[in-house]
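Asks:
In my numbering, the protein residues as written are 17 to 516.
1) So residue 67 is in the alpha helix (DSSP H); what residue range does that whole segment cover?
2) Quick check on the DSSP output: the alpha helix (DSSP H) that includes residue 442 runs from which residue to which?
3) Buried or exposed for residue 126, please, with buried defined as at least 16 other CB atoms from any protein chain shown within 10 angstroms of its CB.
4) Provide the residue span of the alpha helix (DSSP H) that contains residue 158, from first to last.
5) With a threshold of 16 other CB atoms inside 10 Å of the CB of residue 269, please say whether the residue is buried or exposed.
6) Taking the C-alpha atoms as reference points, what is the distance between residue 526 and residue 168?
7) If you count every other CB in all the chains shown that lies within 10 Å of the CB of residue 420, and 16 or more means buried, which is it?
8) Going by C-alpha to C-alpha distance, which of 145, 103, 448, 296 sits closest to residue 408?
9) Does the Cβ-Cβ distance between residue 240 and residue 163 come in under 8 angstroms?
10) Comparing alpha-carbon positions, which option in 380, 214, 332, 27 lies nearest residue 48?
11) Which first and last residues belong to the alpha helix (DSSP H) in which residue 391 is found?
12) Ignoring anything shorter than 3 residues or poking outside the region 255-307, list the beta strand (DSSP E) runs there in chain order.
13) Can you tell me whether residue 414 is buried or exposed? The criterion is at least 16 other CB atoms within 10 Å of its CB, across all chains shown.
14) Nearest-angstrom Cα distance between residue 249 and residue 287?
15) Which value, in whole angstroms, describes the spacing of the CA atoms of residue 132 and residue 374?
16) Residue 57 to residue 51, Cα distance in whole Å?
17) Per DSSP, which one or two residues make a beta bridge with residue 403?
18) Tell me whether residue 266 is buried or exposed, calling it buried when 16 or more other Cβ atoms sit within 10 Å of its Cβ.
19) If you draw a straight line from the alpha carbon of residue 500 to that of residue 308, how long is it in whole angstroms?
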């Protein structure tokens, strides 16, 4: 209501103001919950994401019980974030954060494995889940058609990097498995979102033959990825060059690269490329060239800002998931529990089959390096298939018939809750049972000191080998490109002891 006459005291509201005040209240409540969670022993009892989902569910049920039916829809709308907000704001920041803090050395050391699990693994998971859903669709209440089944299979194949990090760090798993799982979960999201957008448009190709559909889908997949990489590379390098001018301007440096990241995502999305692949490319280039154009304190400010926003948005996603779970449960007379139960089985089966098959072939390569993926490692890799905010953001943004939408949202929430709760709670006892080497075991005492002290010497040694021509052609070519880019976009060259 707007004030129409002069008043000393009064009340004036609008839909935007109400939405903002509710959003700020939710953020404040989530922040308090996270502070309590970090300062107590709750970390050893329940994953943070599960706690936020439960709080969302409790909030939703309180709203349903305590408010009249006439006011329920208004309050539910305030507690429900717009789907576009998820895709255009939450997802890009979460993905950028995960990629920006990626261990680059470990990523490229396990590059073949990470790319295999992320691309081949996601394709296998989507195919297995999609095929099983098509077969079983007639017995479910949602009755998804073939393209809808494949679309859902793609979104539910998105492994959540934030959930993976939080679980892996809590159990102190060794660095080798941690980097492999984190790299795979980060890159997997990009592939899953490309497939999600691809299958959504398959219905429009109804008059095409199967061969034509496959060819067009493959072309779309390749164009989405390559176009996103090229577009993001050009935009980010331009922003890095601008960063040479803004050096020692503390008010503009962090903002410049924050705008760059969102610009890459939005522009790629507008060009029908993959926004997620674009923002991942932006993050990888920014951390190499953009960060070095900033003063150390501004680089740290930028990193802290991105990390804070990503954690907040992820928490809001889990809270919203709990609210939606409560609202759908109370409103729907016929919940499709069969669909939810089958999807849990399908995701577990797809993850298990994909991990075992890929590990079998990858071990031919890793055997030469003495780093084979044992059956114990494979069990942890299977249990690392945690679903989370990305899958929920995709299902909330999916424009599908309302009745089907509620069923797939409910099913997705159940799958996410199951993977985080069951896998998360079983991970620590499973690691203890299998006697898997932990992070503390991997670097203790003399070993830790050796790794820390030898690393700079190792980098200098690698640089010397490059000068003597002892590196292979790919490494030489990579170094030449790196030095060329440095000369164009950096104020001063990167010291040789800083790894690529």
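Backbone N, C-alpha and C fix where the C-beta goes; we use that ideal spot for every residue, glycine too.
Replies: Reading from the atomic positions:
1) Counting from 1 along the chain shown, the entry for residue 67 is found at position 51. If you look at residue 67, you'll find it in the alpha helix (DSSP H) that goes 64-82.
2) If you number the chain shown from 1, residue 442 lands on position 426. From DSSP, the alpha helix (DSSP H) with residue 442 extends over 440-450.
3) Working through the chain shown from its first residue, we reach residue 126 at position 110. Looking at its Cβ environment, which holds 16 or more other Cβ atoms inside 10 Å, residue 126 is buried.
4) Here residue 158 refers to the residue found at position 142 of the chain shown. Here residue 158 belongs to no alpha helix (DSSP H), and DSSP marks it neither H nor E.
5) The count along the chain shown starts at 1 and reaches residue 269 at position 253. It is buried - the Cβ of residue 269 has at least 16 other Cβ atoms within 10 Å.
6) Examination of residue 526 is not possible in this model, given that the chain is present from 17 through 516 alone.
7) Here residue 420 is taken as the residue at index 404 of the chain shown, counted from 1. Result: buried.
8) Along the chain shown, read from residue 1 onward, the residue named residue 408 stands at position 392. Out of 145, 103, 448, 296, the CA that lies nearest to the CA of residue 408 is found in 103.
9) By 1-based counting over the chain shown, the position of residue 240 is 224. By 1-based counting over the chain shown, the position of residue 163 is 147. No, these two residues do not count as a Cβ contact at 8 angstroms.
10) Translated into the one-based positions of the chain shown, residue 48 becomes position 32. It is 332.
11) As a working note, residue 391 is residue 375 in the chain shown. From DSSP, the alpha helix (DSSP H) with residue 391 extends over 391-399.
12) none
13) For the purposes of this step, residue 414 is identified with residue 398 of the chain shown, where counting begins at 1. The residue in question, residue 414, is buried, as its Cβ has 16 or more Cβ neighbours within 10 Å.
14) The count along the chain shown starts at 1 and reaches residue 249 at position 233. The count along the chain shown starts at 1 and reaches residue 287 at position 271. Using only the alpha carbons, I get a separation of about 15 angstroms.
15) Sequence index remark: in the chain shown, residue 132 carries index 116 (1-based). Sequence index remark: in the chain shown, residue 374 carries index 358 (1-based). Rounded to whole angstroms, residue 132 to residue 374 spans 8 angstroms at the Cα level.
16) If you number the chain shown from 1, residue 57 lands on position 41. If you number the chain shown from 1, residue 51 lands on position 35. Whole-angstrom Cα-Cα distance: 12 angstroms.
17) Residue 403 sits at position 387 when you count from the first residue of the chain shown. Bridge partners of residue 403: 175.
18) Along the chain shown, read from residue 1 onward, the residue named residue 266 stands at position 250. Its Cβ having fewer than 16 others within 10 Å, residue 266 is exposed.
19) Looking up residue 500 in the chain shown gives position 484. Looking up residue 308 in the chain shown gives position 292. Distance between the alpha carbons of residue 500 and residue 308: 15 angstroms.
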